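Chains as they are written, first to last, in the working numbering: chain A, 1 to 182; chain B, 1001 to 1182.
Built from N, CA and C at the ideal position, the CB exists for glycine as well.
Because the structure is a prediction, the values reported are computed rather than measured.
There are 2 protein chains.
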Amino acid sequence: MTSSRSYHHGDLRRTLLAAAVEAIAESGPAALSLRDLARRAGVSHAAPAHHFGDKAGLLTALAVQGFDGLGEALRAAGDDFRESGVAYVVFAVRHRAHFEVMFRPDLYRADDPELVAARERTGELLRGGVSRHTGREPDADALAAWSIAHGFAELWLAGALPSRVGADPEPAARAVVGRLFS
Amino acid sequence: MTSSRSYHHGDLRRTLLAAAVEAIAESGPAALSLRDLARRAGVSHAAPAHHFGDKAGLLTALAVQGFDGLGEALRAAGDDFRESGVAYVVFAVRHRAHFEVMFRPDLYRADDPELVAARERTGELLRGGVSRHTGREPDADALAAWSIAHGFAELWLAGALPSRVGADPEPAARAVVGRLFS
DNA sequence: CACCCTAACTTGTCATTGACAAGATAGCAC
DNA sequence: GTGCTATCTTGTCAATGACAAGTTAGGGTG
Chain A
1 MTSSRSYHHG DLRRTLLAAA VEAIAESGPA ALSLRDLARR AGVSHAAPAH HFGDKAGLLT
61 ALAVQGFDGL GEALRAAGDD FRESGVAYVV FAVRHRAHFE VMFRPDLYRA DDPELVAARE
121 RTGELLRGGV SRHTGREPDA DALAAWSIAH GFAELWLAGA LPSRVGADPE PAARAVVGRL
181 FS
Chain B
1001 MTSSRSYHHG DLRRTLLAAA VEAIAESGPA ALSLRDLARR AGVSHAAPAH HFGDKAGLLT
1061 ALAVQGFDGL GEALRAAGDD FRESGVAYVV FAVRHRAHFE VMFRPDLYRA DDPELVAARE
1121 RTGELLRGGV SRHTGREPDA DALAAWSIAH GFAELWLAGA LPSRVGADPE PAARAVVGRL
1181 FS
């Protein structure tokens, strides 16, 4: 309910998170301002603090949403680790704001229990997508797969990739991830 | 000279950049404050603006330093693309502050001519190392190599990797990068 | 239906920050 | 020595995050 007349907004928490996604997509997480979010939602400047405590609290909630969403995307991609890698990249590009927050723990409360749980759930999915070398060192195969997908996504979001890579992340990601173990 | 009595600092630009590296290493680029840097350098709160214009200007200078430093590290690593990948990761970890700024173009002026030049120089090095190894068109191979090194570095810096990976990035990076084209 | 009790939101305030303007100082060319 | 100019200072303003204290609404209880 976005009814704008009532004293009680009714769905402010969700509204603020959506506004944050929009604002971050426009100007990056560094430029995010709680007061700007309040203005976008049509509430007073101190309203966000009630729901999230402070800025880090809001970004923590965003990161939780992000890890959950990434987990869903990975589950939908199936078992093949190549498809998982592509899905990882596609998620990062389509949910840029979430992704840009998720891996910047200096922006939020990385030890928040809810966040730790969400991150752990999704981390399990990531590792499961690649065959494991049990017992031995940390699974370098899984790390390599995660790294190549994560790196391509970060480079894409940073605008560091040459323009000839194109505008659609999916085929580009498929080509890059395919280089692994081949 | 860091003589603290004279009106003219003498080497303020370099001093401020060093202070910025220190501050970012402590609390991340988001928490960086020009006034804090001025305090660390023992000058007035407006002194940084003279040398860098604004915060983005300072971070642009930091990014230029970073791309130059990365280029040097890559050159020192030699021709083997695997060693280049390891050097990339080691640079990111040892020069965390520079690296964390370099790939966040929303923090600085990405179209600054000096920065564009430095980024282009280093980008050339990155692509060259891989095409020499595979003989193929550099596109996807180079992207894959860059992605895997970059991704591992980012995950390391974000603290996202499981603790069993260890504390020394070099052997871990070697294991991961070795998964490429094999 | 009346009460109240608590979550949701507001207004008000303060220290900090980035940015800008205007002034002071010192090193350097001549 | 004189003036020029880069360097640095002081002063100020709007915006922000955080906190304190007050206001409103809406649901449970009697």
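Let me see if you follow: with CB-CB separation under 8 Å, is Ala-1176/B close to chain A or not? Sequence check: residue 1176/B is Val here, not Ala. Yes - at least one Cβ of chain A is within 8 Å of the one on Val-1176/B.
CB Val-176/A to CB Leu-1074/B, shorter than 8 Å? no
Contact set between Glu-1154/B and chain A, taken where Cβ atoms lie within less than 7 Å: Phe-103, His-150, Gly-151, Glu-154
State the CB to CB distance for the pair Pro-105/A and Gly-1166/B, rounded to an integer number of angstroms; the pair is presumed to be in contact (CB under 8 Å). Not quite, the Cβ-Cβ distance comes to about 19 Å (not below 8 Å), so this is no contact.
Less than 8 Å between the beta carbons of Ala-1148/B and Leu-1180/B, yes or no? Contrary to the premise, residue 1148/B reads as Ile rather than Ala in this sequence. Yes; because the gap between Cβ atoms is below 8 Å, this pair is in contact.
Nearest to Leu-1115/B by CA position, among Ala-1077/B, Arg-1094/B, Gly-1053/B, Leu-1062/B, is which residue? Leu-1062/B
Should Arg-1035/B go down as buried or exposed, given a rule of 16 or more other Cβ atoms within 10 Å for buried? exposed
Alpha carbon to alpha carbon, what distance is there between Leu-1037/B and Glu-1154/B? Their Cα atoms are separated by approximately 26 Å.
On the DSSP letters alone, give me the boundaries of the alpha helix (DSSP H) that Pro-1171/B sits inside. 1169–1177
Is the Cβ-Cβ distance between Thr-1060/B and Arg-1109/B less than 8 Å? Going by C-beta atoms, Thr-1060/B is nearer than 8 Å to Arg-1109/B.
From the DSSP output, which residues share a beta bridge with Leu-180/A? Its beta-bridge partners are Leu-1180/B.
Proximal residues of chain A, C-beta to C-beta of Leu-1180/B below 7 Å: Arg-179, Leu-180
Answer yes or no: do His-98/A and Gly-66/A have a C-beta to C-beta separation smaller than 8 Å? It is a contact, given that the beta carbons lie within the stated cut-off.
Taking 8 Å as the CB-CB cut-off, is Leu-1143/B touching chain A? yes
Along the chain, where does the alpha helix (DSSP H) containing Ala-153/A start, and where does it finish? 140–157
Find the residues of chain A that neighbour Ala-1117/B, judging by a C-beta separation of less than 7 Å, and give them in chain order. Those do not exist, as Ala-1117/B stays about 15 Å from chain A at its closest Cβ, beyond 7 Å.
Could you give the residue range of the alpha helix (DSSP H) that holds Arg-976/B? Chain B is shown only over 1001 to 1182; residue 976/B falls outside these bounds and no answer can be derived.
Where the alpha helix (DSSP H) through Pro-1048/B begins and ends: 1047–1052
Express the C-alpha separation of Asp-1011/B and Phe-1052/B in angstroms, rounding to a whole number. 14 Å
For Arg-127/A, which of helix, strand or coil comes out of DSSP? helix
State yes or no: is the beta carbon of Asp-1068/B nearer than 8 Å to at least one beta carbon in chain A? no
Continuous alpha helix (DSSP H) stretch holding Phe-1081/B: start and end: 1081–1094
Could you tell me which of Arg-1119/B, Phe-1081/B, His-1150/B, Lys-1055/B sits nearest to Leu-1107/B, measuring between CA atoms? Lys-1055/B
Using only CA atoms, which one of Arg-1174/B, Trp-1156/B, Val-1101/B lies nearest to Ala-1031/B? It is Val-1101/B.
Local Cβ density within 10 Å of Ala-1173/B, reported as buried at 16 or more and exposed below that: buried
Ala-1160/B (DSSP reduced to helix, strand or coil): coil
Once DSSP output is grouped into helix, strand and coil, what is the label at Arg-109/A? coil
Phe-67/A: first and last residue of the uninterrupted alpha helix (DSSP H) it sits in: From DSSP, the alpha helix (DSSP H) with Phe-67/A extends over 55–77.
Could you have a look at Arg-1104/B and say whether DSSP puts it in helix, strand or coil? coil
Can you give the Cα-Cα distance for Pro-162/A and Ala-47/A, rounded to whole angstroms? 42 Å
Burial state of Asp-111/A (16 or more Cβ within 10 Å): exposed
Proximal chain B residues relative to Leu-107/A, where beta-carbon distance stays under 9 Å: Gly-1028, Ala-1030
Could you have a look at Val-116/A and say whether DSSP puts it in helix, strand or coil? Helix at Val-116/A.
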